[in-house]
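Novice:
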Amino acid sequence: MSMAQPMKGIAPKRLAVLTSGGDAPGMNAAVRAVVRTGLDHGAEVFAIYEGFQGMVDGGDRIRPMTWDAVGGILHRGGTIIGTARCAAFFTREGRLKAARNLLEFEIDSLVIIGGDGSLTGAHIFRQEWPELLAELVESGQASAEVAGRHPVLTIAGLVGSIDNDMFGTDMTIGADTALHRITAAIDAISSTAASHQRAFVVEVMGRHCGYLALMGALACGADWVLIPESPPDVDNWEDVMCHLLSSGRKAGRRDSIVIIAEGARDRNGSPISSTYVKDVLEQRLGEDVRVTILGHVQRGGSPSAFDRNLGTLMGHAAVEEILAAGQDGGASLIGMRGNRITKSPLMFCVEQSQAVARAITEKEYDKAMELRSSSFREAFRTLKTLVQALPHEPDAGQRRLRLAVLNAGGPAPGMNTAARVAVRLGVDTGHIMLGVQQGFTGLIKGDMRELGWMSVAGWASAGGSELGTNRKVPVGSDLYAISKSLENWRIDGLLIIGGWTGYEAAYRLCTERNNFPAFNIPMLCLPATIDNNLPGSELSIGADTALNSIAEAVDKIKQSAVASRRCFVVEVMGRRCGYLALMSGLATGAERVYLHEEGVTLADLQADLNHLIAGFSRGKRVGLMIRDEEANPVYSASFMRDLFEEEGKGLFDVRQAILGHLQQGGNPTPFDRIQATRLAARSIEWLIAEAEKPAPAGAFIGLQDFAGEFGRA
Ligand code: ADP
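For the sequence shown, this note's numbering puts the final residue at 715, and the numbers step up evenly by one.
Structure representation (structure tokens):
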């Protein structure tokens, strides 16, 4: 990695990074990206320790950062530069001291990673900057010359907050990790609850924002959720909740889970506490009810792969924004919308975010929901449908469709989550759902069974494929056999949850519609593969879980090398798509990734070897190279290991690790569960609507952005 030098005669740009307010996992990734991007552009980068307090105190709380100072922190939770709440910064006097300290270091650009409070403070500071400088000059605390060199303060704000409560970004740094903690806890609670047929009330963080509660409920298949933005719309909500829970019990459900955000309230604005919900359930259901308040566990621990990458991408963008702003300065919020890094006016975003909290306090709940993103509202709608869905008899005279669900391709965590949602929504709307065993092999044999409401219990969180899956793509006489199966079972629509195999098979069936009339039914592919290599979809179900499995494994591999100088060549899955290699490289701090898309040449390997030798000679202890399994057929992982080890000439040793099938296993991450739920809900709607048409389509749905846009081709 090059470290560009500033142009001769021009003083290098100086910028500083600080973390403020509540800590959030992924802040370290952002700090690392800010420091390294700044250095790479020839800037001088400082870290301000302990948030605004460090800026007010000055001295050694403001320190120059080096490339290596931010090494080895990607996987660490919290923030290594410390964070604090600072009473002094609320006062002009405190901010005057802060300005003096910044001026002493000639710093006039800040990357601030914090919540809306911190960003508000930063905005006020920026507005006052010229006056503060004038005062410092007047009182002799700063020279006019130095002050004149820094007429404006430039600010780039990144939102570090587990609550995901900021306007202007789909995700805040830390929210995904908090959801990891929440889903792990609820999964664990579900198993004990099911053993005893108990109900649990789980309280999660979120004073003004129900994001964690809502998404946690969606990811874990909870029975009821209470969030601040949208209180229960009836006064007797306790009756409705108890009725739902007891119906679930009658249907065979062994565990009941209610998730409540700490800021939950009723229509009248009165807080609803977890103990109140517990008492209601105990009295009315006559069951044993337990409360678990998750608390600070949600803030802690190693950041998820998503948060590491979000922090990295945002930190990088913040520095580019500052350097591009030049002397004009500016105050932007770096966010992510539709899976793309964006920038928006800082204060507009802060004001909009605060407007939600105000709307809740003023009991304007429709307005509060309106101010949340469309994906939040959509998730709430889906959740409401899912919790209200109960196995009931179809309406009299209704056409009952027979819809088949199958998995295809390699296993992808989240396949079961999608199948569960499809089955339950299908059954709830009066249709008959059939599960095909073992992918297209089962369809050829006609091996399927009706799936009832309870047959998919527990599938929300289970990894693997309960229906069974394989890579069979039908050919020749298989097509005839499939058309017979479809006719025998009177199938009206087919949902294929899977990867490339499923797409290829569905395409083949669609192109054979003229020869096999049984294929004239709607068919839909829902993208589920860890390889993330499907058309029309930026993120397929399973890729996020695989990415986290890789990051966890690589963290451990790196830790194993503490004492020696060692380089690892880690091979990950992905076939011809470098997504897993690239994103895991970003999440684990690899110095090099080898992708199929880019290929590998001997000259590349030579350059990388030289880079390794230079690094280890400088004192580096661990090296990490990640290769996609099909990066190059000749330059394999073992070839690279032998080459680097031989040419390293004892300076460092080299080990290879081929991660293999652990990448396809594991329970799905919250992100994969949430996307699987949303896509499956849309898929079933589509199949039902399409089945009524004279010429039903074949289609695939895709996630075009994080907001869950639904596309069809
Ligand atoms: P968060 O950034 O997570 O929302 P806080 O609201 O506690 O956390 O804010 C963190 C710090 O930011 C405060 O302790 C204070 O130093 C500073 N800050 C917050 N609001 C303001 C404000 N209105 N004026 C000046 N400084 C502020």
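Cβ atoms here follow ideal geometry from the backbone N, Cα and C, with glycine treated the same way.
Using 8 Å for Cβ pairs, my map puts residue 88 next to residue 54. What's the rounded Cβ distance?
Specialist: In the sequence shown, the residue the question calls residue 88 occupies position 86. In the sequence shown, the residue the question calls residue 54 occupies position 52. Contact holds; Cβ gap of about 4 Å.
Novice: Using 10 angstroms around the beta-carbon of residue 333, count the other beta-carbons present and answer buried if the total reaches 16, otherwise exposed.
Specialist: Locating residue 333 in the sequence shown gives position 331, where the first residue counts as 1. Flag for residue 333 reads buried.
Novice: Three or more C-beta pairs under 8 Å: does that hold for the region 320 to 340 against the region 562 to 573?
Specialist: Because the criterion of three Cβ pairs below 8 Å is not met, the region 320 to 340 and the region 562 to 573 do not touch.
Novice: Assuming residue 307 contacts residue 582 (C-beta within less than 8 Å), just tell me the rounded distance between them.
Specialist: For the purposes of this step, residue 307 is identified with residue 305 of the sequence shown, where counting begins at 1. For the purposes of this step, residue 582 is identified with residue 580 of the sequence shown, where counting begins at 1. Going by Cβ atoms, the distance from residue 307 to residue 582 rounds to 10 Å, so no, they are not a contact pair.
Novice: Are residue 222 and residue 259 touching if we call contact CB-CB under 8 Å?
Specialist: For the purposes of this step, residue 222 is identified with residue 220 of the sequence shown, where counting begins at 1. For the purposes of this step, residue 259 is identified with residue 257 of the sequence shown, where counting begins at 1. In contact: residue 222 and residue 259 (Cβ atoms closer than 8 Å).
Novice: Cβ of residue 126 versus every heavy atom of ligand 1: is any distance shorter than 7 Å?
Specialist: Locating residue 126 in the sequence shown gives position 124, where the first residue counts as 1. Because some heavy atom of ligand 1 lies under 7 Å away, the Cβ of residue 126 counts as near it: yes.
Novice: Among residues of its own chain, excluding the 5 on either side of residue 208, which ones have a beta-carbon nearer than 8 Å to its beta-carbon?
Specialist: Numbered from its first residue, the sequence shown carries residue 208 at position 206. Excluding sequence neighbours, residue 208 sits near 165, 167, 214, 215, 229, 230, 263, 264, 265.
Novice: What residue from 478, 598, 272 has the CA that sits closest to residue 533's CA?
Specialist: For the purposes of this step, residue 533 is identified with residue 531 of the sequence shown, where counting begins at 1. It is 598.
Novice: Taking 7 Å as the cut-off, is the C-beta of residue 122 nearer than that to any heavy atom in ligand 1?
Specialist: The sequence position of residue 122 within the sequence shown is 120, counting from 1. Yes, Cβ of residue 122 sits closer than 7 Å to a heavy atom of ligand 1.
Novice: Using only CA atoms, which one of 15, 295, 122, 224 lies nearest to residue 356?
Specialist: As a working mapping, residue 356 is identified with position 354 in the sequence shown. Ranking the options by Cα distance to residue 356, first place goes to 122.
Novice: Please confirm if the region 415 to 422 is in contact with the region 459 to 466, defined as three or more CB-CB distances below 8 Å between the two stretches.
Specialist: Contact holds: three or more Cβ-Cβ distances are below 8 Å.
Novice: Out of curiosity, what's the CA-to-CA distance linking residue 408 and residue 697?
Specialist: For the purposes of this step, residue 408 is taken as the residue at position 406 of the sequence shown. For the purposes of this step, residue 697 is taken as the residue at position 695 of the sequence shown. Near 22 Å, if we compare the C-alpha coordinates of residue 697 and residue 408.
Novice: Quick one: what's got a C-beta closer than 6 Å to residue 134's C-beta in the same chain, skipping five residues either side?
Specialist: Mapped onto the sequence shown, residue 134 falls at position 132. If we look at residue 134 and ignore the five residues flanking it on each side, its Cβ neighbours are 98, 101.
Novice: Going by Cα to Cα distance, which pick from 96, 590, 611 is closest to residue 305?
Specialist: Here the question's residue 305 lines up with position 303 in the sequence shown. For the residues 96, 590, 611, the minimum Cα distance to residue 305 belongs to 590.
Novice: If I follow the unbroken alpha helix (DSSP H) through residue 430, where does it start and stop?
Specialist: Taking the sequence shown and counting its residues from 1, one reaches residue 430 at position 428. Residues 417 to 430.
Novice: Return the chain-ordered ranges of every beta strand (DSSP E) run that is complete within the region 83 to 156 and spans a minimum of 3 residues.
Specialist: Correct list: 111 to 116.
Novice: Which value, in whole angstroms, describes the spacing of the CA atoms of residue 386 and residue 576?
Specialist: To locate residue 386, count along the sequence shown from 1; it is residue 384. To locate residue 576, count along the sequence shown from 1; it is residue 574. The alpha-carbon atoms of residue 386 and residue 576 are separated by roughly 36 Å.
Novice: For residue 338, which residues of its own chain have a beta-carbon under 8 Å away from its beta-carbon, when the five flanking residues on both sides are left out?
Specialist: Along the sequence shown, one-based indexing puts residue 338 at 336. Once the five neighbours on either side are set aside, the close Cβ partners of residue 338 are 171, 172, 173, 312, 315, 316, 344, 708.
Novice: If you follow the alpha helix (DSSP H) that residue 414 is in, where does it begin and where does it stop?
Specialist: For the purposes of this step, residue 414 is taken as residue 412 along the sequence shown, with counting starting at 1. That residue, residue 414, is in no alpha helix (DSSP H); it is neither H nor E in DSSP.
Novice: Within its chain, find whatever has a CB closer than 7 Å to the CB of residue 432; leave out the 5 residues flanking it on each side and keep chain order.
Specialist: Residue numbering aside, residue 432 sits at position 430 when the sequence shown is read from its first letter. Result list for residue 432: 396, 397, 400, 402, in chain order.
Novice: Mapping DSSP to helix, strand and coil, what is residue 564?
Specialist: For the purposes of this step, residue 564 is taken as residue 562 along the sequence shown, with counting starting at 1. If DSSP states are grouped into helix, strand and coil, residue 564 belongs with coil.
Novice: Could you tell me the boundaries of the alpha helix (DSSP H) in which residue 217 lies?
Specialist: Mapped onto the sequence shown, residue 217 falls at position 215. That run of the alpha helix (DSSP H) goes 213 to 222.
Novice: To the nearest angstrom, how far is the alpha carbon of residue 739 from that of residue 351?
Specialist: Any question about residue 739 goes unanswered here, given that the chain covers just 3 to 715.
Novice: In whole angstroms, what separates the C-alpha of residue 636 from that of residue 108?
Specialist: Your numbering for residue 636 matches position 634 in the sequence shown. Your numbering for residue 108 matches position 106 in the sequence shown. Each residue's Cα considered, the two are about 52 Å apart.
Novice: Between the region 372 to 382 and the region 196 to 206, do three or more beta carbon pairs fall short of 8 Å?
Specialist: Cβ pair count under 8 Å is below three, so no.
Novice: Taking only runs that begin and end inside the region 641 to 690, name each unbroken beta strand (DSSP E) of 3 or more residues, in chain order.
Specialist: Whole beta strand (DSSP E) segments, 3+ residues: 655 to 660.
Novice: What first and last residue would you give for the beta strand (DSSP E) that runs through residue 2?
Specialist: What the structure shows of the chain is the stretch from 3 to 715, and residue 2 is not part of that stretch, so it cannot be assessed.
Novice: For the alpha helix (DSSP H) that contains residue 490, what are its first and last residues?
Specialist: If you number the sequence shown from 1, residue 490 lands on position 488. That run of the alpha helix (DSSP H) goes 479 to 490.
Novice: Assuming residue 471 contacts residue 411 under a Cβ cut-off of 8 Å, what Cβ separation, rounded to an integer in Å, is found between them?
Specialist: On the sequence shown, position 469 is the one that residue 471 refers to. On the sequence shown, position 409 is the one that residue 411 refers to. Sure, about 6 Å apart at Cβ, within 8 Å.
Novice: Can you tell me where the beta strand (DSSP E) with residue 2 in it begins and where it stops?
Specialist: What is shown of the chain runs 3 to 715, which leaves residue 2 out entirely.
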